[in-house]
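Per full-length UniProt numbering, the very first residue in the sequence shown carries number 1; after that it's consecutive. Virtual Cβ for every residue (Gly too), placed ideally from N, Cα, C. The next block holds one structure in the form of structure tokens; read it before the comments.
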Amino acid sequence: MTIPLNQSGNTPHPLEQLQEWGHSGKGIKVAVIDGDIDSRHPLLQHLKIEHANQHEPLGSKHGTAVCSQLAGSGIGVAPEVEIVSIPVFSQTPDGQMKGCSEYQLSKAIRQAVKHQCDVINISGACLSVNGHGSDQLRQAIKACDKAGIKVIAAVGNDGQRSESLPASLPSVLAVGACNKQGEPASFNNHGAKLQKKMLMASGVDMPVALPQQGLSFVNGSSFATPIVTGVYALLLNIVKANKVSVKPDELEKWLFSASTRFSHNEHTYHRLNLAKLMQLVQSQCFKQQNRPNARRNTMTTEKTSHTDAVTPSEYEHSDHERAIPREDEHLLLEEVTPSSTDNSATTNTSGLNLPKISDPTGHISAHNAATAVMPQSEQTDARVVSQLDKVFVIGEIGYDFGSEARLDYFTQVMGGENAHPFDPVHMARHLSTGDNVEQSNALIWTLKIDGIPVFAIEPDNQFAVLQFARLVQFLHDQETQGVERVSIAGVITGETRLFNGQVVPRISPVLRGMFNWTSKALADSVYGENTNSPSGNTESMTVQQSEQMSDFLNRVYYELRNRGEAEEERAINFAATNAFQMKEIFADAFKENLFLNKITAEQSPITRPESICLDVVLEFFNPKERLTAARKLYRYTIDVSDVMPVTVGKVRMWHAY
């Protein structure tokens with residue numbers, strides 16, 4: 001395929017050519033994790049925008065501006081992409097942007113995966129000491145990698161020699177802004193990781209849309225990010241149309257291999273170069289046709305005013321924009337600028353602040369909108385619960401003070417100088433003495449996995465008194481009687497900041513989903529009654545069965561430990577606590593000397609209406625006859641649509657070779 005000439009006899013602008021090859025991104029689904037988007041803006045009316053949160057979008061400045069850079073009419077890089085708007089940033093009445101937490105961001109990323117998006121744009125960042133992030137955020141990024149979804153994120157505008165999240169995470173394409181001279185913008189964050197993986201694009205004086213038909217010119221890595229996202233969407237369409245098998249990481253390598261490398265302050269940077277990228281795409285996706293009458297390829301390696309996507313040119317507009325004649329651009333501005341003198345709707349040159357993603361450390365404040373707590377009357381409505389974020393988590397009970405004032409309070413009520421409020425044994429005995437249980441609501445109760453707090457537990461309904469009493473009992477049993485595990489079922493109602501600054505999701509528990517136990521006691525309760533044995537050695541068989549089930553429970557706790565948020569995780573955790581369902585399986589497996597090999601949970605092919613059914617499959621094998629004996633599989637179905645999972649149907653079993 002050869003590059004066609006335009007009417008003036010010159011090669012087309014590289015972006016125009018990529019848009020033609022990539023059909024302007026048509027069919028590519030892009031998740032914009034940002035603020036609300038004003039879909040009624042004249043520059044965005046042509047777009048197909050799906051609002052993931054199913055509410056009437058108010059239209060924030062930042063979200064609208066980012067979307068216009070990505071796909072706005074006349075100024076967007078890929079104007080035909082499908083937008084999935086997942087708002088995590090909110091806007092105050094005075095127009096200031098409020099950021100989100102890493103948990104909220106990870107939840108939005110997983111939501112984009114469920115919507116089967118092809119690429120995710122995140123024009124938000126927070127400073128990070130090491131760029132490691134929370135485990136929830138890392139797992140969400142891994143879910144994108146597994147699904148073949150590229151995450152593209154801004155480096156942030158703090159101008160610090162520091163890492164930022166999520167841009168510093170592996171496999172995330174980090175985007176920084178460059179000025180009109182093609183140099184790194186002074187406001188870019190530039191930690192060691194970011195310097196190695198940052199791809200820069202135009203980010204100064206960028207034309208964007210604002211709510212209520214407004215226009216503005218803004219600066220920031222926020223607005224360089226959708227440029228790279230748009231170009232990536234074009235590349236995706238090109239490789240799909242030409243049936244070229246390329247993974248997301250390989251497309252990222254295309255962007256870097258075709259970029260302009262240059263040194264600045266003794267560091268090497270990469271700058272988006274559309275002309276080189278066009279040549280690379282042609283060599284990788286199109287075969288030259290050497291027919292005698294084939295159109296001549298007039299593309300040369302000589303540098304013209306359009307060769308580098310970010311190199312300053314004699315024109316005032318940014319190089320990533322379409323080659324719109326100046327009079328057309330003037331008409332475009334006149335068309336969307338209201339005639340009124342309302343400052344909120346007129347074109348201006350003020351910048352927009354990049355929203356923050358709070359890092360769970362003490363020196364960064366949490367930026368999260370207040371989340372309404374759902375009353376128990378609504379939590380018990382299955383139709384309402386099915387739409388909420390549910391958890392069924394297994395771990396250990398803990399507590400936190402949240403502030404110096406609460407720590408001083410417990411120091412005083414526990415005996416002053418002789419008090420040990422951080423000692424869980426002393427705290428358990430104190431709360432279990434007399435009427436001290438009434439002090440339990442002054443603590444932040446936590447659910448820990450391997451000693452790390454992963455949830456805060458906050459009873460907030462008419463059964464709160466009983467729930468606090470049960471939490472006190474759990475702590476006492478754990479610290480004084482050797483109880484190993486607790487299970488908590490509930491819904492996530494918001495977030496809580498702990499004493500050390502860590503931000504964790506907050507659970508509103510349900511009383512019927514709060515239990516504690518030891519693995520041995522749970523197994524003994526299942527096999528406590530003697531069963532008839534041909535050999536008469538009933539007690540020995542019962543002990544072996546109990547040990548085998550204890551091994552199964554420990555395996556769930558340690559090998560498959562999880563947060564209990566995903567549907568599969570809730571199903572497996574419920575299976576571990578549903579001991580009497582397990583009795584039937586282990587009793588049958590024990591007769592054939594079988595041992596557990598693996599546990600899986602997958603979507604059931606047959607599901608009841610308005611239910612979420614998963615098949616939990618336990619695979620057993622005979623370790624003495626691995627090559628000659630068939631594996632035996634046991635399957636039963638669990639419905640996780642309610643806050644408390646429930647089994648459906650009977651246990652099914654079969655052999656597999």
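Runs of the beta strand (DSSP E) lying entirely within the segment 89 to 136, each at least 3 residues long, are 119 to 122 and 126 to 128 in chain order. In this structure, the beta-carbon distance from ARG271 to MET200 falls below 7 Å. Per the C-alpha coordinates, the member of GLN181, ASN121 and GLN160 positioned closest to VAL231 is ASN121.
Judged by beta-carbon spacing, ALA456 lies within the 7 Å limit of THR496, meaning their Cβ atoms are closer than that value. VAL504 and ASP450 have their alpha carbons spaced roughly 15 Å apart. Assignment of beta-bridge partners to LYS150 by DSSP yields VAL119. Cα atoms of HIS46 and HIS132: separation of roughly 39 Å, rounded to the nearest angstrom. Under the 8 Å Cβ criterion, the segment 22 to 29 counts as touching the segment 231 to 251, having at least three qualifying pairs.
Counting only residues of its own chain and dropping the five nearest sequence neighbours on each side, TRP654 has a CB closer than 7 Å to the CB of LEU633. Put simply, of VAL129, LEU274 and GLY482 the residue whose alpha carbon is nearest the alpha carbon of PRO14 is LEU274. The secondary-structure analysis by DSSP pairs HIS51 across a beta bridge with SER85. Just so you know, the alpha carbons of ASP524 and MET549 end up roughly 9 Å apart. The beta-carbon distance between ASP34 and PRO87, rounded to whole angstroms, is 7 Å. This is short enough to meet the 8 Å contact definition.
Judged by DSSP secondary structure, ASP477 falls within the alpha helix (DSSP H) whose first and last residues are 464 to 480.
GLY395 and LYS26 have their C-alpha atoms roughly 46 Å apart. Each of SER245, THR64 and THR607 was checked against the Cα of TYR636, and the nearest Cα belongs to THR607.
DSSP places PRO79 in no alpha helix (DSSP H); its state is neither H nor E. For SER283, there is no enclosing beta strand (DSSP E); the residue is part of the alpha helix (DSSP H) that begins and ends at 274 to 285. C-alpha of ALA469 to C-alpha of PRO459: approximately 11 Å in a straight line. Taking C-beta separations shorter than 6 Å and ignoring five residues to either side along the sequence, the partners of HIS430 in its chain run MET414 and ASN436, following chain order. The Cβ atoms of VAL84 and HIS115 sit closer than 7 Å to each other.
Sequence-distant Cβ neighbours of GLU568 in its own chain, meaning closer than 6 Å and more than five residues away, are ALA601. Ranked by Cα distance from PHE187, the first of SER245, LEU277, ALA521 and ALA177 is ALA177. For GLY203, same chain residues with a beta-carbon under 7 Å away, outside a window of 5 residues either side, are ALA177, CYS178, ALA185, ASN219, GLY220, SER221, PHE223 and ALA224 in chain order. With fewer than three CB-CB distances shorter than 8 Å, the segment 255 to 265 does not count as touching the segment 104 to 111. Ranked by how close their Cα comes to the Cα of LYS520, the residues VAL617, ASN500 and GLN544 have GLN544 in first place. In this structure, GLY63 sits near ILE37, with a CB-CB distance shorter than 7 Å. Here VAL491 is near LEU388, since their CB atoms are less than 7 Å apart. The three-state reading of DSSP puts LYS253 in helix, counting H, G and I together. The beta carbon of LEU498 sits closer than 8 Å to the beta carbons of ASP400, GLY402, ILE444, THR446, PRO453, ALA456 and VAL504 from its chain, once the five residues preceding and following it are set aside; these are given in chain order.
Excluding residues up to 5 positions away in sequence, LEU43, HIS46 and PRO79 lie with their Cβ nearer than 7 Å to the Cβ of SER73 in the same chain.
By the C-beta density criterion, ASN597 is exposed, having fewer than 16 other C-beta atoms within 10 angstroms. The C-beta separation of GLY124 from GLY99 comes to about 6 Å, placing the pair in contact by the 8 Å criterion.
Excluding the 5 residues flanking it on each side, SER432 has same chain C-beta neighbours closer than 7 Å at VAL472 and HIS476, in chain order.
When DSSP states are grouped into helix, strand and coil, GLN195 belongs to the helix group. Of all C-beta pairs linking the segment 622 to 632 to the segment 641 to 651, fewer than three are shorter than 8 Å, placing the two stretches out of contact.
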